[in-house]
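Undergrad:
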Amino acid sequence: MNSIVKKIAIYSMVGMLQLGFGASIVAASPFHHDQPPRQGYDRHDSERERHRIEQERRDRERAENERHEREMKRRPGESRKHWHERQKKEIERHKHEMERIRYEFEHHRR
52 MNSIVKKIAI
62 YSMVGMLQLG
72 FGASIVAASP
82 FHHDQPPRQG
92 YDRHDSERER
102 HRIEQERRDR
112 ERAENERHER
122 EMKRRPGESR
132 KHWHERQKKE
142 IERHKHEMER
152 IRYEFEHHRR
């Protein structure tokens, strides 16, 4: 009976030592520390901001395309020669404007 009590006491102490070591390991673990609550939203906010910027770029491109379509149409009373000259200039202007819009938004994100 006396040896059983000694064994129970020894195993209890060994178990408590293991619990102590386990608790200190868990406390030192990087996964245990709570992260600031704002950190979880940073990625979501940056995605939302990127989506907003992308939407703004698409809106500006759409507005420029609509303006370009209106300018490419022949105006009442406009000669065919003048219309073709105006179209050439408008195509170049439109190309440069679209490049400028894309450039601005590419460099805005960085």
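Reading the sequence shown from the start, the letters are residues 52 to 161 in our numbering. Quick reminder that beta carbons are idealized off the backbone N, C-alpha and C, glycines included. Since the structure is predicted, the reported quantities are computational estimates derived from the model, not experimental observations.
Glu-117 and His-145: beta carbons closer than 8 Å?
TA: The sequence position of residue 117 within the sequence shown is 66, counting from 1. The sequence position of residue 145 within the sequence shown is 94, counting from 1. Their beta carbons are not under 8 Å apart, which means Glu-117 does not touch His-145 by this criterion.
Undergrad: Expressed to the nearest angstrom, what Euclidean distance is found between the alpha-carbon atoms of Ala-78 and Leu-68?
TA: Within the sequence shown, the letter at position 27 stands for residue 78. Within the sequence shown, the letter at position 17 stands for residue 68. So the alpha carbons of these two residues sit roughly 15 Å apart.
Undergrad: Less than 7 Å between C-beta atoms, sequence neighbours within five positions excluded: which residues of the same chain meet that for Glu-129?
TA: In the sequence shown, counting from the first residue as 1, residue 129 sits at position 78. Correct list: empty, nothing qualifies.
Undergrad: State the DSSP-derived secondary structure class of Asp-64, mapped to helix, strand or coil.
TA: Counted from its first residue, the sequence shown places residue 64 at position 13. Per the sequence presented here, residue 64 reads as Met, with Asp not at that position. Helix.
Undergrad: Residues in the same chain with beta-carbon distance under 7 Å from Glu-112, minus the five sequence neighbours each way, listed in chain order, please.
TA: One-based indexing of the sequence shown puts residue 112 at position 61. The residues are Met-149 and Ile-152.
Undergrad: Roughly how many angstroms separate the alpha carbons of Phe-156 and Arg-103, rounded to a whole number?
TA: On the sequence shown, position 105 is the one that residue 156 refers to. On the sequence shown, position 52 is the one that residue 103 refers to. Answer to the nearest angstrom: the Cα atoms are 11 Å apart.
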